[in-house]
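**Q** My questions will all concern the structure given below.
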Amino acid sequence: MTTVRSLRTFSAAVLAASALALGSCSSTPETQTSEEVAAPSTPTVDPDASSFFDAAEEAVVTDKDQALTGAQTAVEKGIPMFFDGPDTAAKLEKLGVTKVYTAGNVGTYENAETLEQGASASEHFGDMQTVAGMTPPEPRDLTALVTAKTGLADIATARAAGATVMPLAVGDPRVTKASMDAVSKGNVVALGPGFGTQENFDRRVELAANGELPGGGGLVFPGRRMVALYGHPSGPALGVMGEQDPAGSVAKVKELAAQYQEFTDYPVIPAFEVIATVASGGPGPDGNYSNESDPAELEPYVDAIVDAGGYAILDLQPGRASLLEQAQRYEDLLSGPNVGLALDPEWKIGPDELPMENVGHVEAAEVNEVADWLAGLVSEKKLPQKALVLHQFQQQMIRDRETIKTDHPELAFVLHADGHGPTGVKMETWNVMREGLSSDYFMAWKNFIDEDEPMLTPEGTFSVEPRPWFVSYQ
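Numbered according to mature numbering (1 follows the signal peptide of the UniProt record, and there is no 0), the sequence shown spans residues -21 to -1, 1 to 453.
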């Protein structure tokens, strides 16, 4: 009898109904026949593990509490597993099941054998890991990607069919180097609802070929956290980054990022947020109240942080200018794989307004224009995902925020809550900015060195809930 270790549950992931190579397994003296489907040559989505077995004489049926007990038997015997439900009998009949192993509080099944009750399934991710570590009778050259949305029964079925189970933090094959390598080789099933449609998954597989980011994987977040210095190459007046030359600022931000590492399991990557266009009190030659830096002036800082294994973000303070036109001015810099973009609505003013009279704002439609263009650049240049950061500390700063299209897999949308002052005031701003915010956004926090009372320590910053993915210093 094959020895198996417990598996932990993942929510159902995505497997296309196309064939998967899963082996028939028998670990009991009495041989049981299961017919697995051939492994897919291209990554496939299967929402409910229905594509692993074409037929099976035996199966396991359990309630949620006894999922680990059932998974142990299913993987050991190489047979499918189901949670008890109104359609379970029909699924068993479709496979030709003639014997059922049951555990927990389940319905009545013909020719059923009750398994000895075991430990209750408890912590979902841990249970997933347990099931993933069980040993099937016949391992296969097949990888099943799973997420927290993948059901434990589906994970057990995939493992019973011989698939290697790979738990992911999110339903995107770019999230780790290992998952990117897996989809590049084919023979991958994305198991459960966490991976979306086959079309969406195919697009993410395509983007996975565009390479990794510092810290591993092809997604900006999750996979890493960032700590950044904010500023402009002209000097300290516009931020701490400009207080030193590029090499000095790299050394400073690397030291700062290192102070955060003990408080997270993700790698902490150093970063610069470089002000590319600076809001101006005067109209300037073009009348737009924004001074556009020459890309060559920014390049030494961008190159320095990227060469140090970090990430650069170009910040736009547009005045009366078009955000899209300003972003396009820096296309060459943004064509680098480790360079993102930030939009600062505070400095966006109308044709009859002047800077610093009021806090500015941007319409969602203008953000969408920039996002469409930036996503297109990523696609055209075959780049890894890019960060698109939106600064906000008042609700009015981004009008109709809920209509911003965040469905670009080429972009990671980041909401940078820029409140300053006493910690209580900052937290109030943080919470208000999160109200009604789509789950597609990653939160970012800013520590103001002079204005915060007091400025949070690295431990205090990473104690903020939810924990910021991006932290900048100004």
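C-beta atoms are modelled at their ideal positions from N, C-alpha and C, and glycine is treated no differently.
Can you check whether the CB of A139 is closer than 8 Å to the CB of A123?
**A** No, the Cβ-Cβ distance between A123 and A139 is not below 8 Å.
**Q** Leaving out five residues before and five after P445 in sequence, what residues of the same chain have Cβ atoms less than 7 Å from its Cβ?
**A** Taken in chain order, the residues that qualify are M422.
**Q** Please confirm if the segment 315 to 327 is in contact with the segment 291 to 300, defined as three or more CB-CB distances below 8 Å between the two stretches.
**A** Yes, since at least three Cβ pairs between the segment 315 to 327 and the segment 291 to 300 fall closer than 8 Å, the two stretches touch.
**Q** Along the alpha helix (DSSP H) that carries F180, what are the first and last residues, could you check?
**A** Per DSSP, F180 belongs to the alpha helix (DSSP H) from 177 to 187.
**Q** Figure out for me which residue from P115, G400, I292, L322 has the closest Cα to the Cα of I377.
**A** Of P115, G400, I292, L322, the residue nearest in Cα terms is L322.
**Q** Identify whether H387 lies in helix, strand or coil by the three-state DSSP scheme.
**A** Three-state result, H387: coil.
**Q** Our contact map puts L353 next to A306 with C-beta atoms below 8 Å; I'd like the distance itself, whole angstroms only.
**A** Contact flag correct, Cβ pair sits at about 7 Å.
**Q** Between the alpha carbons of P65 and D27, how many angstroms are there, rounded?
**A** Distance between the alpha carbons of P65 and D27: 15 Å.
**Q** Compare the C-alpha of D397 against each of H387, K384, E430 and name the closest.
**A** It is E430 whose Cα lies nearest to the Cα of D397.
**Q** Here's the rule I'm using: 16 or more other beta-carbon atoms within 10 Å means buried, otherwise exposed. How should I383 be labelled?
**A** Buried: at least 16 other Cβ atoms inside 10 Å.
**Q** Thinking A207 and F251 are a contact (beta carbons under 8 Å), I'd like their distance in whole angstroms, please.
**A** Correct: roughly 6 Å between the Cβ atoms.
**Q** With 16 as the cutoff for other CB atoms within 10 Å, does E89 come out buried or exposed?
**A** So E89 ends up on the exposed side.
**Q** Considering only the alpha carbon of each residue, which of T436, D419, E332 lies closest to F427?
**A** Among T436, D419, E332, the Cα nearest to that of F427 belongs to T436.
**Q** Below 8 Å, how does it come out for the segment 128 to 135 and the segment 153 to 162: are there three or more Cβ pairs, yes or no?
**A** With a cut-off of 8 Å, the segment 153 to 162 and the segment 128 to 135 do not count as touching, because too few Cβ pairs lie within range.
**Q** Please state whether DSSP places H395 in a helix, a strand or coil.
**A** In this structure, H395 counts as strand in the three-state DSSP scheme.
**Q** Using DSSP's beta-bridge definition, name the partner residues of F421.
**A** The partner list for F421 (beta bridge, DSSP) reads V393.
**Q** Considering only their Cβ atoms, is the gap separating G221 from H211 smaller than 8 Å?
**A** Yes.
**Q** Determine the closest residue to V253 out of G263, P225, A230, D106, with distance taken between C-alpha atoms.
**A** It is P225.
**Q** Between the Cα of V125 and those of F174, V368, T41, spot the shortest distance and give me the residue it belongs to.
**A** Out of F174, V368, T41, F174 has the C-alpha closest to the C-alpha of V125.
**Q** Sorted by chain position, which residues of the same chain lie with C-beta nearer than 6 Å to E72's C-beta, five sequence neighbours on each side aside?
**A** Hits under 6 Å: none found.
**Q** Where does L333 sit, in a helix, a strand or coil, going by DSSP?
**A** Reduced to three states, the DSSP call for L333 is coil.
**Q** Would you kindly work out how many angstroms separate the C-alpha atoms of T109 and G165, rounded to a whole number?
**A** C-alpha separation (whole angstroms): 25 Å.
**Q** What did DSSP end up calling P270 once you bin it into helix, strand or coil?
**A** In the sequence as presented, Pro is not what sits at residue 270; that position holds Asn. The answer is strand: DSSP assigns N270 an E or B state.
**Q** Okay, do the segment 21 to 40 and the segment 78 to 98 touch, 3+ Cβ pairs below 8 Å being the bar?
**A** Because the criterion of three Cβ pairs below 8 Å is met, the segment 21 to 40 and the segment 78 to 98 touch.
**Q** Taking 8 Å as the cut-off, decide whether the C-beta atoms of L74 and F32 are in contact.
**A** Contact flag set, yes.
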